[in-house]
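So the protein lines, in turn, are chains Y and H.
The first sequence begins at 0 in numbering that gives the first Met the number 0 and counts up one residue at a time.
The second sequence begins at 0 in numbering that gives the first Met the number 0 and counts up one residue at a time.
For each residue, glycine too, the CB sits at the ideal point set by N, CA and C.
Number of protein chains: 2
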Amino acid sequence: MKVLTKKTDYAIRALLMLGSKRDVYVSAKSISADQDIPYQFLRGLLQELIRHDLVVSKEGAQGGFMMKKEPDEIPIAQLIEVFQGKVQVSECMFRKQICANRARCVLRHEIMRIEEVVNREFDKVTIGKLIRDLDAANGVTHGSGEKGGS
Amino acid sequence: MKVLTKKTDYAIRALLMLGSKRDVYVSAKSISADQDIPYQFLRGLLQELIRHDLVVSKEGAQGGFMMKKEPDEIPIAQLIEVFQGKVQVSECMFRKQICANRARCVLRHEIMRIEEVVNREFDKVTIGKLIRDLDAANGVTHGSGEKGGS
DNA sequence: TATAACTGATACTATATTGATATCAATTAA
DNA sequence: TTAATTGATATCAATATAGTATCAGTTATA
Ligand code: FES
Ligand code: FES
C-alpha cells in the first residue's frame, strides 16, 4: 500500500525547491531538471497548486512559479488532499449488518479514530519543516563531495 | 485517498463473521449473502486468507471456512499487508538531491516515522476487538426494531 | 518588433490496479 | 448418485495513475 502517489511526491519536491528559493520565479523547466520530474507532468501539477492557492506564476520569459504561502503553512496533509483526496480509511464498512443504526456503529467509530491519527501526523509535517530538516542535515554533515552552488 | 480497498474491507467483514461463529464451517455462499459480498470475489479472497494461514476450509457438502487463529491475533494491519502490501508512505522521495547520502536522509527519516505511527494504529485494531465492539454495541442498545435471529 | 522563454489549457495514450464474473474440476455429506 | 461445496484459473470492465503532445497566449529583451 503506497500512501503517496508520484504526483503528490513530485509536488512536495517542487514545493521544497520553491520554498528554498524565495522571492524569485522558478521555471518549470528548472524544477523539472533539478528534481528529475517529467516536464509536462510537473506543469500540470503546478497548475493544480495554483488553483489551490499554494503558488503563483508569472508568464513569459523569466517567468515561473513562486510560493504564495509560508512553507510552514503547507502541511503535506494538504497536498495529499489536493492530489489524492481527503484521507479516508473506508467509505462505509460493514454495511449490511450495522448501517441500519449508523449513529451507533462502533466499527465506523474505530475507523474514524484512525483517520484522525493519520491526518494529525500528516498535518505535523510541513514543507517548512522538511526544508529545515534538509538544511540542517546538509549543514551538519557539510560533507565531502560537491559543496556550494553557483 | 482511500486506505482500504474493497478486498480488504470484504476480508475484514468475512473474518468478523467467521470470528463470531466459531467451530463451525461457514460457506462462502452464506458469507456472501450475509455480508453482501460478490460471491466469486469472496471465494478468491478466502483462498488468499487460507494461503496466509488465517482460515481453514473443508471441501464438499456442508463444507466451508473457519478461523484458524484467534481473532485477537489478527490485526487489520495484517490484512492490509496481505491484500495491499505493506504500508509505505513513499518509495524513496526526493531522490536526486539527497539519495547520494541516503543514510543521513532526514526526509526519509520523517516519512518512516509516519509509517510507524500508521502501522501501530492498524496493529491495535484486531478482528477480536471489532467483534467485541460490535457485540457491546448490540448489547447496549439492544434496541427497537429487529431483535433475534432465526 | 521579432523572438525565445515562458505559462495556460487541453487532449491524448499507456499501463497498472481494482473490482467483478465465469468456468470446470475435485471433494464430500446425505 | 447428486447437490452442495471448495480449488484453481481465466477473463473482463472500470478506474486510477503516470506520462506525453500540442497549441495558444504572455513577456523580457536583443
Ligand atoms: S459501516 Fe456503515 S455505519 Fe458502520
Ligand atoms: S528520498 Fe531517497 S533517501 Fe531520501
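Pro74/H has Thr125/H as its beta-bridge partners, per DSSP. The continuous alpha helix (DSSP H) containing Ser31/H extends over residues 27 to 34. Contact of Ser31/H with chain Y is not assigned, every C-beta pair being separated by 8 Å or more. In chain order, Val54 place their CB closer than 6 Å to the CB of Leu48/H, counting only its own chain and leaving out the 5 sequence neighbours on each side. In terms of CA proximity to Gln46/H, Ala13/H leads the group Ala60/H, Val88/H, Pro70/H, Ala13/H.
Listed in chain order, the non-local C-beta contacts of Val117/Y below 6 Å within the same chain comprise Val86, local neighbours out to five positions each way being set aside.
Boundaries of the alpha helix (DSSP H) harbouring Met16/H: 5 to 19, taken from the DSSP string.
Counting only the Cα atoms, Leu17/H lies some 11 Å from Gly127/H.
The beta-carbon separation of Arg42/Y and Ala27/Y, rounded to 5 Å, stays under the 8 Å limit for a contact. For Lys68/H, the CB contacts under 8 Å within the same chain, skipping 5 residues up- and downstream, are Asp52, Leu53 in chain order. Gly63/Y: member of the beta strand (DSSP E) spanning 63 to 66, first to last residue. Taken through DSSP and simplified to helix, strand or coil, Val116/H comes out as helix. Burial check for Glu120/Y: the Cβ neighbour count within 10 Å reaches 16 or more, so the residue is buried.
For the stretch 45 to 69 of chain H, the beta-carbon criterion of a distance under 8 Å to any beta-carbon of chain Y is satisfied by none of its residues. In this model, Ile113/H and Val88/H are separated by some 8 Å (Cα to Cα). In terms of beta-carbon proximity, Met0/H lines the interface with chain Y, with at least one pair separated by less than 8 Å. Contact check for Gly62/H and Tyr24/H: beta-carbon distance about 6 Å, within the 8 Å limit, so the pair qualifies. For Gly84/H, the C-beta contacts it makes with chain Y under 7 Å involve Met0, in order along the chain. Residue-level contact check: Ile113/Y touches chain H, since one or more beta carbons of chain H fall below 8 Å from its beta carbon. Going by beta carbons, Val124/H and Glu109/Y fall inside the 8 Å limit. Contact with chain H is absent for Ser26/Y, since none of that chain's Cβ atoms lies less than 8 Å from the residue's Cβ. For Glu47/Y, the enclosing alpha helix (DSSP H) stretches over residues 38 to 50. According to DSSP, residue pairing for Gln87/H in a beta bridge involves Lys1/Y.
Residue range 54 to 57 is occupied by the beta strand (DSSP E) that includes Val54/H.
Non-local C-beta neighbours of Pro74/H in its own chain, meaning closer than 6 Å and more than five positions away in sequence, comprise Asp122, Thr125, ordered along the chain.
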